[in-house]
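Taking it in order: structure first as structure tokens, then the write-up.
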Amino acid sequence: MTRVLITRAEPDASEFADACRSHGLDPILSPVMRIEIEKADIDLADVGAIAFTSANGVRAFAANSPQRSLPVFAVGPVTGEAAKAAGFEYVSLAGGDVEALAGHIASENALVGKVLLHVAGADRAGDLVTALTARGIAARRQTLYRAEAASALSAQAEASLRTESGLWVTFFSPRTVRLFLALAEKAGLASRLPEMRAACLSAAVAEAAAAVAWGGIVVACDRTAESMLETIIGEGDRA
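Residues in the sequence shown are numbered from 126 upward in steps of one, following this note's numbering.
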């Protein structure tokens with residue numbers, strides 16, 4: 126059975142593990158970060174829409190506000206699905222990165238006289254507020270969560286990396302790549318990575334993974350967990 130090491134944070138890690146099992150894959154959980162949602166007041170008086178660049182941003186907002194009627198701009202399908210699951214009525218998807226999201230928001234022209242609120246984490250890939258300001262769109266950011274790095278890989282992950290070959294390691298963001306590589310180095314397992322394969326959500330994630338040698342790096346066709354699974358299964362069929 127194909128083994129898949131999952132590095133993403135909970136609750137996404139367990140959800141992806143369930144999806145792996147449903148596709149006949151054997152998941153190994155080893156989140157490389159923990160999401161800490163902050164409690165905060167959110168002023169929406171002048172806000173015309175909300176932008177989310179991660180599912181964690183959706184969860185953090187939902188934990189702090191009952192508001193679900195504002196339009197939402199989501200960076201990609203994973204974030205968009207999280208927004209729909211949280212109960213938002215209108216969700217518009219962009220192409221998967223901050224620049225694409227900024228361009229999409231600008232093209233919608235839906236914020237006349239209003240401000241866009243970007244709900245974000247303490248660590249961000251790109252600056253949506255600056256990108257929107259450059260396009261003449263009023264925007265502000267509110268940080269509602271932090272991603273705390275794990276101190277070590279899980280015992281099962283370390284054992285598998287030490288003894289197996291052909292293990293898939295899945296990455297959903299450049300930061301999870303960097304954290305995983307640091308933990309693998311800490312555990313003395315960096316030399317084992319050429320025996321493993323990296324499955325990446327996007328080209329940007331794959332670029333981060335390419336900082337070290339792997340037995341192979343593949344990129345999902347679409348920025349969804351389902352596409353990640355289909356890519357892994359498809360590679361297995363071709364092996």
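Ideal Cβ positions, reconstructed from N, Cα and C, are used throughout, including at glycine. These numbers come from a predicted model, not from an experiment.
Residues sharing a beta bridge with C145, DSSP:
None; C145 has no bridge partner.
For L326 and D347, the rounded distance between their alpha carbons:
Per the coordinates, the alpha-carbon of D347 lies some 8 Å from the alpha-carbon of L326.
8 Å CB neighbourhood of V312 in its chain, flanking five on each side removed
According to the sequence as given, residue 312 is Ala; it is not Val. Correct list, in chain order: A277, L278, E283 and L286.
Measuring alpha carbon to alpha carbon, tell me which of E214, K239 and V254 ends up nearest L226.
Taking each of E214, K239 and V254 in turn and checking the Cα distance to L226, the smallest one comes out for V254.
For P160, which residues in the same chain have their Cβ closer than 7 Å to its Cβ, ignoring the five residues on either side in sequence?
The sequence given here has Ile at residue 160, not Pro. Cβ neighbours of I160 beyond the five flanking positions: A134, N181, Y270 and A272.
Distance, Cα to Cα, A329 vs P299?
Taking the straight line joining both Cα atoms gives about 7 Å.
From A231, D171 and A275, residue whose alpha carbon lies closest to that of I262
The residue with the shortest Cα to Cα distance from I262 is A231.
Near T258, which residues of its chain fall below 7 Å by C-beta distance, leaving aside the five closest residues on each side in sequence?
Exclusion of the five residues before and after T258 leaves A264 as the residues of its chain whose Cβ lies within less than 7 Å of its Cβ.
Using only the alpha-carbon positions, how far apart do D171 and G359 sit?
It is roughly 48 Å from the alpha-carbon of D171 to the alpha-carbon of G359.
Span separating the alpha-carbon of A174 from that of E163
Cα to Cα, the separation comes out at about 21 Å.
Curious, which full-length alpha helix (DSSP H) runs of at least 4 residues does the stretch 220-302 contain?
Counting only runs of 4 or more residues that sit fully inside the stretch 220-302, the alpha helix (DSSP H) segments are 223-233, 253-259 and 280-288, in chain order.
Quick one: Cα of V129 to Cα of G246, how far?
In this structure, the straight-line span from the alpha carbon of V129 to that of G246 is close to 27 Å.
First and last residue of the beta strand (DSSP E) that includes P152?
Residue range D151 to L154 is occupied by the beta strand (DSSP E) that includes P152.
Whole-number beta carbon distance between V157 and L318, since they are thought to touch under 8 Å
Incorrect: roughly 14 Å between the Cβ atoms, too far for contact.
Run through the stretch 309-335 for me and flag every whole beta strand (DSSP E) of 3 or more residues, listed as ranges in chain order.
You should have 322-325.
Could you tell me the boundaries of the beta strand (DSSP E) in which V172 lies?
Boundaries of the beta strand (DSSP E) harbouring V172: V172 to F177, taken from the DSSP string.
Contact between the stretch 186-202 and the stretch 210-227: three or more CB pairs below 8 Å?
Taking 8 Å as the limit for Cβ pairs, the verdict is that the stretch 210-227 does touch the stretch 186-202.
Can you tell me the Cβ-Cβ gap for F198 and H229, rounded? I've got them flagged as a contact below 8 Å.
Rounded, the Cβ-Cβ distance is 7 Å, consistent with contact.
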